[in-house]
Ligand code: SAH
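Numbering (the numbering used here), first residue to last: 1 to 493.
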């Protein structure tokens, strides 16, 4: 195979980035935007020895899993990689991804997963779910001020204000800001020359409260004529907070460190379950509020709290999981590396009148071992929700030493999750439940939760005993080793 070859390929698999995978005479091609089940004409863009990449030119036969993307820039935009795939197929793909990683990387037996893996939790309405959007602002070749999304892997702005996964009011807000910039000749930021003022527009909304926040990220310290802009924006129903963030660095980081108020208050409020959260422009907050409730609900279910437990929530962010669990536990401790997030966590505990949650700033891999060695801390349940790279081994090592009854592992990368599950399985923990939650429909990302329980003499294990072949010969029961035998045999007889 050579560059610029045009070939006909049947797409038989889906790659980790959502691309279609097919073979031509044993040679594997990765084709972006091709959907499993398609037969496509593709042009080779890069040819390696055993595999290559190709560009989708024509769809020869449409896959039954193909659907019309709602968004007309779905192919260019770097946000949604698999909008052309039916939602059901997306869910199956994500579920398989988690399952395969647990089997291949985690060494979890397939038969065990068959039993403990629950169906993936998808969305009923997988559009307009995001409560946060960051729109880059720039200028097109004709000198028009534009905003939209970066094309995949570049900083080229695709003009688009009506994102299919963002909230409807974003468009009205962006139009007001762009019109204002034009009228008052406020220049957008230009990355190459490092000149111009407005870099990004951040919009956040409260899912339950419908409160809206707008934050202009600027390469300067003030927004000229801002009272005109705020007057116009304030007319949007739900507008609560208009701020600016100063970012004068040559950087890909969107937000600056300093924020200033232009109108209203500096935060908006939202709820997860019955817990109220203050969200400021810089705080981390899950972007899919509907699925966050499902995710945290599952964490709560897997934790199985009775009210007497001490719970650790590692990588706690602004304490969302900690506070969600605090009402059902005796004591919760949260650990997080970002000091600002811990400030938010403390404040959120306070506004909800939660007194049994305590927060520590620091790296989980330092705070946990330190507190264990020094104070001999204990935990009945440890929840971890690490970034993509997973847990440091020292965190896992301390957790194993602490011997909590349960570990609830929340993960946004099932490969590192599987790696850590393998470590914990080799040291006395077994997978009790697994569920994938689709937090990011139309992207390739998937969140997953695994419950691991300690195989101690005190833990309940389910045993099936086969006495021979034939109906009625299998007896199952829950046993608490060395202590008691429950009589739950009937379901298996
Ligand atoms: N559980 C929270 C946040 C999860 S995101 C929620 O659901 O909202 C992961 C968090 O881990 C981020 O807030 C990040 O700042 C934090 N983090 C990253 N590395 C860390 C480390 N080494 N120790 C502690 N926290 C860390």
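Glycine residues also receive a C-beta, built at the ideal position from the N, C-alpha and C atoms.
Within the segment 306-359, note down every full alpha helix (DSSP H) run reaching 4 residues or more, in order along the chain.
You should have 320-326 and 339-351.
Can you tell me whether residue 398 sits near ligand 1, meaning its C-beta is under 7 Å from at least one heavy atom of the ligand?
No, ligand 1 has no heavy atom inside 7 Å of this Cβ.
Using a threshold of 8 Å, state whether the C-beta atoms of residue 56 and residue 23 are closer than that.
Not closer than 8 Å, so no.
Ligand 1 heavy atoms versus the CB of residue 416: any closer than 7 Å?
Not so, every heavy atom of ligand 1 lies at least 7 Å from the Cβ.
Within the segment 381-467, note down every full beta strand (DSSP E) run reaching 3 residues or more, in order along the chain.
Within the segment 381-467, the complete beta strand (DSSP E) runs of at least 3 residues are 381-384, 406-411, 429-437, 447-454 and 460-466.
Find the nearest neighbour of residue 166 within the set 181, 155, 149 and 178, judged by alpha-carbon distance.
The option with the nearest alpha carbon to residue 166 is 149.
Put residue 161 into one of helix, strand or coil per three-state DSSP.
Reduced to three states, the DSSP call for residue 161 is coil.
Excluding the 5 residues preceding and the 5 following residue 483 in the sequence, name in chain order all residues of the same chain whose CB lies nearer than 7 Å to its CB.
With a pLDDT of 37 at residue 483, under the threshold of 50, the predicted position of this residue should be treated as unreliable, though the coordinate-derived value follows. Result list for residue 483: empty, nothing under 7 Å.
With H, G and I counted as helix, E and B as strand and the rest as coil, what does DSSP make of residue 302?
Helix.
Using only alpha-carbon positions, find the residue among 435, 84 and 450 that is nearest to residue 122.
Closest by alpha carbon: 435.
State the DSSP-derived secondary structure class of residue 185, mapped to helix, strand or coil.
Note: residue 185 maps to coil in three-state DSSP.
Just to confirm my understanding: we take residue 204, look at its own chain, exclude 5 residues before and 5 after, and list those with CB closer than 7 Å. What are they?
Hits under 7 Å: 131, 132, 213, 268 and 279.
Considering only heavy atoms of ligand 1, does any lie closer than 7 Å to the CB of residue 320?
Within the cutoff, so yes.
For residue 74, name the three-state secondary structure that DSSP assigns.
Correct three-state label for residue 74: coil.
Excluding the 5 residues preceding and the 5 following residue 348 in the sequence, name in chain order all residues of the same chain whose CB lies nearer than 7 Å to its CB.
If we look at residue 348 and ignore the five residues flanking it on each side, its Cβ neighbours are 277, 278, 318, 319 and 323.
On the three-state DSSP scale, how would you describe residue 481?
For residue 481, the predicted structure reports a pLDDT of 43, less than 50, and the residue's modelled location is therefore unreliable. The matter cannot be settled from this model.
Give the range of the beta strand (DSSP E) segment to which residue 144 is assigned.
Taken as a continuous stretch (DSSP letters only), residue 144 belongs to no beta strand (DSSP E), as it is neither H nor E.
Could you tell me the alpha carbon to alpha carbon distance between residue 194 and residue 46, rounded to whole angstroms?
Cα-Cα distance, rounded: 34 Å.
Compute the Euclidean distance between the alpha carbons of residue 160 and residue 257, then round it to the nearest angstrom.
Their Cα atoms are separated by approximately 27 Å.
Please go through the segment 88-125 and give each complete alpha helix (DSSP H) segment of 4 or more residues, from N-terminal end onward.
Here the runs fully enclosed are 110-116.
Quick one: give me the first and last residue of the alpha helix (DSSP H) that residue 285 is part of.
Unbroken run through residue 285: none, as it is neither H nor E.
Name the one or two DSSP bridge partners that residue 12 has.
Note: residue 12 sits in no beta bridge, so no partner.
Are the CB atoms of residue 358 and residue 333 within a distance shorter than 8 Å?
The answer is yes: Cβ separation under 8 Å.
List, from N- to C-terminal side, the beta strand (DSSP E) runs of 3 residues or more that fit wholly inside the segment 232-282.
239-246, 258-264, 268-272 and 275-279, all fully within the segment 232-282.
Determine the contact status of residue 244 and residue 228, defining contact as a CB-CB distance below 8 Å.
Their beta carbons are not under 8 Å apart, which means residue 244 does not touch residue 228 by this criterion.
Let me check you understand the geometry: is the CB of residue 315 closer than 7 Å to at least one non-hydrogen atom of ligand 1?
The answer is yes for residue 315.
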